[in-house]
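Okay, structure first, notes after.
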Amino acid sequence: MAQSPVAISNKDKIEILFQMLAERGQGDYIGEKISQLEHSLQAAYFTKETGADDETVIAALLHDVGQFIPFSESKDLILNGENVGRRSHETLGEQYLRQIGFTEKVCRLVGAHVVAKKYLTAVDPSYHAGLSDASKKSLILQGGPFTADEVKEFEKDPYWKEKVQLRKWDDAAKLEDFKAPGLDNYADMAARSLVN
1 MAQSPVAISN KDKIEILFQM LAERGQGDYI GEKISQLEHS LQAAYFTKET GADDETVIAA
61 LLHDVGQFIP FSESKDLILN GENVGRRSHE TLGEQYLRQI GFTEKVCRLV GAHVVAKKYL
121 TAVDPSYHAG LSDASKKSLI LQGGPFTADE VKEFEKDPYW KEKVQLRKWD DAAKLEDFKA
181 PGLDNYADMA ARSLVN
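The sequence shown runs 1 to 196 under full-length UniProt numbering.
See below:
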């Protein structure tokens, strides 16, 4: 007789996720002078400081989670034929967070932080000028700015404004001498952002 799987509490899910972030986030944030974890913590801090809702703060914290996921876990995700290489970390991260049980809003914001950059470079020429060299290089790998039709399609999304704002917080979160509050400051907020 098969045993049913043991349910994992929301608190335990967050503890496991945050442990992975802490362990795997110590590497350099590609092309920047801070670690991946420092970048994520700064993004969450800036988001929280503007008064954004909990789900948006958690999306900012976890927006690069696809960079942290071990290959052994990522290979099991079903991504509808999309590239799951780290160049598509936003898609991988969105699917990973769905499997953990995060809300639709958290998942969709995480999944859109790259397309939001494509949107912003299409509608605001000064935005491209303000990007770091690493972000400019990654934009090329991500297909460049949106076309006019892609801009119109993007603006149909009910979360499009939050997606754009999250991208701006992502861009700002690259400060070398800024110490943001640690992961433990977001544990309760993250647990509340789970649906199961």
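Here a beta-carbon is modelled for each residue, glycine too, at the ideal position from N, C-alpha and C. In this text, all values refer to a predicted model and were calculated from it rather than measured experimentally.
Buried or exposed: which applies to Asp170, given that a residue is buried once 16 or more other Cβ atoms fall within 10 Å of its Cβ? buried
Which stretch, first to last residue, makes up the alpha helix (DSSP H) that contains Asp12? 10-24
With a threshold of 6 Å on Cβ separation, who are the neighbours of Ala112 within its own chain once the five nearest residues in sequence on each side are excluded? Lys163
Per DSSP, what kind of secondary structure is Ser132 in: helix, strand or coil? coil
Which residues DSSP lists as bridging Leu97, in chain order: Beta-bridge pairing links Leu97 to no other residue.
Under the three-state DSSP convention, the category Phe102 falls into: strand
How is Ile78 classed by DSSP in three states: helix, strand or coil? Residue placement at Ile78 is poorly supported in this model, since its pLDDT is 41, which falls under 50; the coordinates still yield a value, given next. In the structure shown, Ile78 sits in coil (DSSP, three-state: anything other than H, G, I, E or B).
Can you tell me which of Lys156, Asp133, Glu55, Leu92 puts its alpha carbon nearest to the alpha carbon of Leu166? Glu55
In chain order, what are the residue ranges of uninterrupted alpha helix (DSSP H) at least 4 long that sit wholly in the segment 132-176? 133-141, 148-154, 160-172
Out of Tyr119, Asp157, Pro158, which one is the CA nearest neighbour of Pro145? Tyr119
In whole angstroms, what separates the C-alpha of Leu17 from that of Lys168? 24 Å
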